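Taken in sequence, the protein lines are chains A and L.
Numbering-wise, my numbering puts 293 at position 293 of the first sequence, and it's gapless, one number per residue.
Numbers given in my numbering equal positions in the second sequence, counted from 1, plus 1000.
All C-beta atoms, glycine included, are put in the ideal place defined by N, C-alpha and C.
Bear in mind the structure is a predicted one, so any value in this text is a computation, not a measurement.
Structure, as structure tokens:
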Amino acid sequence: SLSEKLDSAFNKIRGKGVLNEKNIQDILREIRLVLLEADVNYKVAKTFINYVKERALGEEVLKSLTPSQQFIKIVKEEMERIMGGGEDNSLKLEVAPPAIYMLVGLQGSGKTTTAGKIANFLRKNFKRNPLLVPADVYRPAAILQLKKIGAQLNIDCYPSDEKENPVDIAKKSIDYAKQKNLDLVLIDTAGRLHIDEELMKELENIKLAVNPHEILFVADAMTGQEAVNVAKEFDSRLDITGIVLTKLDGDARGGAALSIRAITGKPIKLVGVGEKLNDIEIFYPDRIVSRILG
Amino acid sequence: LLGKKELDEDVIEQLEELLISSDIGVKTTLYLIEKIEERISRAKLDDVKEVKNALKEYLLEILMKNHSELIFNRKPFVIMVVGVNGTGKTTTIGKLANKYKNSGKKVLLAAADTFRAAAIEQLEEWAKRANIDIIKQKEGADPSAVAFDAVKAAQARDVDVLIIDTAGRLHTKVNLMEELKKMKRVIKKVIPDAPHEVLLVLDANTGQNAISQTKMFNEALDVTGIVMTKLDGTAKGGIVVAVTNEFGIPIRYIGVGEKIEDLREFNPKEFVEAILE
Ligand SMILES: Nc1nc2c(ncn2[C@@H]2O[C@H](COP(=O)(O)OP(=O)(O)OP(=O)(O)O)[C@@H](O)[C@H]2O)c(=O)[nH]1
Ligand SMILES: Nc1nc2c(ncn2[C@@H]2O[C@H](COP(=O)(O)OP(=O)(O)OP(=O)(O)O)[C@@H](O)[C@H]2O)c(=O)[nH]1
Ligand SMILES: [Mg+2]
Ligand SMILES: [Mg+2]
């Protein structure tokens, strides 16, 4: 863990007398390695360490009696600040119905399952009447997957046809929702690469057609270094409104959370914590910080 | 001009960024940098190009050490496909089935993910595309029962290769890992030395958690091969270097897209060049 590594690093220094810039550098290196081992992006880790360095030097950690604890405190505070401590990360609901949400992200990140989870969550806690909309016409049995999830939850699922265009599916689903007095539309899109021009354009077209209130980037918590480039591209093309981090029920440290948050500045709204349809929680910055720091 | 010392530090930092950014991981990166620094200090490397070549050499050394192809020396050759959620197991099975069929083998698939919504139908679609038979039961059936039926059927139908799809599961879920161990025992009841290949599917986007995944799946099942998927994206998949180095498991194939033909045999040289470009 970070505290163990810093304690041992400071113990080495203690014998040599007073703290100086050189051993601060050693301490900072230890912290940087912890972040990299937790999958924080290389450049994000570097920038983060500079914040910590400035604060450490500025707060006279050099004169502190408990420099190791002082450092940990600074690291935790800086990370929680970046993660959005104190920021409003609630889902947009106070809109003229239907509220329209769109789920986007790389292949296999958990979008379809998350669509079901969010529908269930908002019905349970905010008395919404959701409509699940399968807009993935490429993956075998993707439409059936969301249909089955809807059936499990007893939540309406738009009858998409895989021969239809996802943009048309999205448009028609809004009329369908209005007809049936459903006040929340969740559009599940196909997984895609951020470098697939045609498919990224498709997402832009869906956005243009239905003007979603939430564009949620669904990211796997175990993602490594590339989390930054992927998130940056989805954000720059779509101006995402929030992030959902999935599979946090595993033992991935989740450094991707810091990377994605640092590069997009967008709020992490929800976390997926299991395969069942009620395994979703609101995101709390302090929890992911202790996880990343080990 | 920079003095030799600054040049070295600059080069070392560039290398560190290149390796870490490819998901090679801290431990392996530090090990490789150490070897490079030794050679620089012995003045055996004069520029970035030479340094990169040395790095290529060291990476290739790690990957070649455990490199081996699948040899179909049993009939039916039983492959059990496992891995965490969403890595590309079902799609990879579709690709493998097609590849083996095209090479003249009689292939049978088993839809042993009886848990996830539409998992059976998803694999059925792939079987249809490759024009291959599939053994399946109802959603919610015991996955081991499906595997048992499939192995029996493979024997009865004189099949060359049986590929068993399992539900994605996190390696930290003890009961789910037990379910896989049970499936392996059940398969052994029919064919004592089966499964002949336990294929772990890793996603190229995954960071250091791939090490923990490999460790746990290996401890539970004795993994004999790895497939790394989604290398058509921008992730470099450097995690296979650490994984193969630590566990000695060969990388069999890589997935490079979502279509049935998007599968390649793992080529260490091409892989290393892609990382270093
Ligand atoms: N353990 C765990 N598994 C999850 C979580 N969220 C999703 N999954 C699983 O991850 C796998 C992929 O989920 P999907 O919902 O199919 O992912 P997707 O993003 O829709 O996939 P594509 O449409 O192919 O891009 C499934 O096995 C899900 O059950 C989570 O929070 N925890
Ligand atoms: N770009 C790309 N996508 C891939 C590749 N392999 C699989 N996929 C996609 O990844 C997503 C998940 O694939 P699946 O085959 O459902 O993954 P899985 O491991 O069986 O998922 P679970 O059974 O839910 O654990 C799908 O959208 C696939 O099309 C690949 O090599 N490249
Ligand atoms: Mg999906
Ligand atoms: Mg599957």
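Quick check on the DSSP output: the beta strand (DSSP E) that includes residue i runs from which residue to which?
i	result
D286 (chain A)	That residue, D286 (chain A), is in no beta strand (DSSP E); its alpha helix (DSSP H) goes 285-292.
I1251 (chain L)	1251-1255
I269 (chain A)	For the sequence presented, residue 269 (chain A) should be read as Lys rather than Ile. Taken as a continuous stretch (DSSP letters only), the beta strand (DSSP E) holding K269 (chain A) covers 268-272.
G1094 (chain L)	Not the beta strand (DSSP E): G1094 (chain L) falls in the alpha helix (DSSP H), residues 1089-1102.
E275 (chain A)	Run containing E275 (chain A): none; DSSP gives neither H nor E here.
I1060 (chain L)	Rather than Ile, the amino acid found at residue 1060 (chain L) in this sequence is Leu. Per DSSP, L1060 (chain L) belongs to no beta strand (DSSP E); it is in the alpha helix (DSSP H), 1048-1065.
T1224 (chain L)	Counting along the chain, T1224 (chain L) falls outside any beta strand (DSSP E), and DSSP gives it neither H nor E.
I280 (chain A)	280-282
CB-CB under 8 Å to residue i, same chain, minus the five flanking residues each way: which ones, in chain order?
i	result
L1123 (chain L)	T1090, I1093, G1094, L1109, A1111, D1113, I1134, K1136, D1165
H1067 (chain L)	P1250, I1251, F1266, P1268
D1160 (chain L)	F1072, K1075, P1076, F1077, Y1100, K1105, K1106, V1107
L1001 (chain L)	Reliability fails at L1001 (chain L), whose pLDDT of 39 lies under 50, so the model's placement of it is uncertain and no value is given.
A1127 (chain L)	G1094, A1097, L1109, D1133, I1134
I74 (chain A)	V52, R55, A56, E59, V61
N1205 (chain L)	K1230, G1233, A1235
V1211 (chain L)	Per the sequence shown, residue 1211 (chain L) should be read as Ile rather than Val. Around I1211 (chain L): G1025, I1239, A1242, V1243, E1246.
D279 (chain A)	K117, D249, G272, V273
T171 (chain A)	Position check: residue 171 (chain A) holds Lys in this sequence, whereas Thr was assumed. Only A209, V210 meet the Cβ criterion.
Based on DSSP bridge pairs, tell me the residues matched to residue i.
i	result
E1277 (chain L)	Paired residue(s): none; E1277 (chain L) is not in a bridge.
F1077 (chain L)	L:V1161
D1133 (chain L)	L:L1108
I131 (chain A)	Checking the sequence, you will find Leu at residue 131 (chain A) rather than Ile. Answer is A:D156, A:V185.
R1264 (chain L)	L:I1254
T1229 (chain L)	L:D1203
V1084 (chain L)	According to DSSP, V1084 (chain L) bridges with nothing at all.
Going by beta carbon distance, what residues of the same chain come within less than 7 Å of residue i, once the five residues before and after it are set aside?
i	result
V1186 (chain L)	S1144, A1147, F1148
V289 (chain A)	K76, M79, E80, M83
E164 (chain A)	V137
L1060 (chain L)	P1268, K1269, V1272
K178 (chain A)	P98
E380 (chain A)	Residue 380 (chain A) lies beyond the range of chain A shown here (1 to 294); nothing can be said about it.
L153 (chain A)	G116, A119, N120, L277
What are the boundary residues of the alpha helix (DSSP H) that residue i is part of?
i	result
E1038 (chain L)	1026-1041
G254 (chain A)	Looking at the DSSP string, G254 (chain A) is not in any alpha helix (DSSP H), and its letter there is neither H nor E.
E21 (chain A)	21-37
V244 (chain A)	Unbroken run through V244 (chain A) is the beta strand (DSSP E), 242-246; no alpha helix (DSSP H).
A1141 (chain L)	Where A1141 (chain L) is concerned, there is no enclosing alpha helix (DSSP H), given that its DSSP letter is neither H nor E.
V137 (chain A)	Taken as a continuous stretch (DSSP letters only), V137 (chain A) belongs to no alpha helix (DSSP H), as it is neither H nor E.
F1247 (chain L)	1239-1247
Might you give, ordered along the chain, the residues of its own chain that have their beta carbon closer than 6 Å to the beta carbon of residue i, omitting 5 neighbours on each side?
i	result
I1040 (chain L)	D1008
T223 (chain A)	A256
V167 (chain A)	N205, I206, A209
D1158 (chain L)	none
K147 (chain A)	C157
T1224 (chain L)	E1197, V1198
K1052 (chain L)	L1276
V228 (chain A)	N41, S259, I263
P134 (chain A)	I143, L146, S160, D188
I1020 (chain L)	T1029
In chain order, which alpha helix (DSSP H) runs of at least 4 residues are fully inside the region 56-129 of chain A?
Whole alpha helix (DSSP H) segments, 4+ residues: 67-83, 111-126.
Enumerated in chain order, which unbroken segments of the alpha helix (DSSP H) with a length of 4 residues or greater are wholly contained in the region 1146-1219 of chain L?
For the region 1146-1219 of chain L, the full-length alpha helix (DSSP H) segments reaching 4 residues or more read 1174-1190 along the chain.
Output the residues surrounding ligand 4, defined as those with a CB atom closer than 7 Å to any ligand heavy atom, in chain order.
A Cβ closer than 7 Å to some heavy atom of ligand 4 marks a residue here, and those residues are L:K1089, L:T1090, L:D1113, L:R1116, L:A1119, L:Q1122, L:D1165, L:A1167, L:G1168.
Uninterrupted alpha helix (DSSP H) stretches inside the region 157-226 of chain A (no shorter than 4 residues):
You should have 166-179, 197-210.
Let me have the residue list for ligand 3: C-beta closer than 7 Å to any non-hydrogen atom, ordered along the chain.
After applying the 7 Å Cβ criterion, the set is A:K111, A:T112, A:D136, A:R139, A:A142, A:Q145, A:D188, A:A190, A:G191.
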